[in-house]
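> All residue numbers for the sequence shown refer to this note's numbering, where the first residue is 83 and numbers rise by one. For every residue, glycine included, the Cβ atom is placed at its ideal position computed from N, Cα and C. One structure, as structure tokens, below. Some questions next.
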Amino acid sequence: MAHAGSLAGRRILVVEDDFLVGQVILDLLEDEGADVLGPIGTVDEAVAFVVAQDGNFDQAVLDLNLHGVKSYPVADMLARNNVPFVFMTGYGKDAFDAAHRDCPHCIKPITRVELVAALLG
């Protein structure tokens, strides 16, 4: 059940290539009251989804590495459309290129508190 300060009513896109991790993130966000879109597992599918939705969501959670491909094109598209996002990675800050190093991110394994705090920013 959603509670004060939660993500209630927010439409959040989840881009994650690991099915189990995606389900955990989906469940966590839904427990916080969010309407979850996804999870979507590839960069191409995520880009197509963002275009099709035309900004009809509030935020996004992006796995940094999707089947060996960085999710930077998705992040860049979201940034151009003023949609806040948070990267997730198991590799640490050194995994980011210089252009994305200062973007909000959480290190896997991620906790509910960390993800919610990052999304509430």
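For V118, which of helix, strand or coil comes out of DSSP?
In the sequence shown, residue 118 corresponds to position 36, counting from 1. In this structure, V118 counts as strand in the three-state DSSP scheme.
> Name the one or two DSSP bridge partners that I210 has.
There is simply no residue 210 to check, as the chain begins at 83 and stops at 203 in what is shown.
> Give me the Cα-Cα distance between E98 and A180, rounded to the nearest whole angstrom.
Stepping through the sequence shown from its first residue, residue 98 is reached at position 16. Stepping through the sequence shown from its first residue, residue 180 is reached at position 98. Going from the Cα of E98 to the Cα of A180 covers about 22 Å.
> Could you tell me how far apart the beta carbons of A128 and V156 are, in whole angstroms, since I believe they sit closer than 8 Å?
One-based indexing of the sequence shown puts residue 128 at position 46. One-based indexing of the sequence shown puts residue 156 at position 74. Confirmed, Cβ separation roughly 5 Å.
> Between R93, C185, V106 and L102, which lies nearest to L146 when the distance is taken from Cα to Cα?
Start at 1 with the first residue of the sequence shown, and residue 146 comes out as number 64. Of the candidates R93, C185, V106 and L102, the one whose C-alpha sits nearest the C-alpha of L146 is C185.
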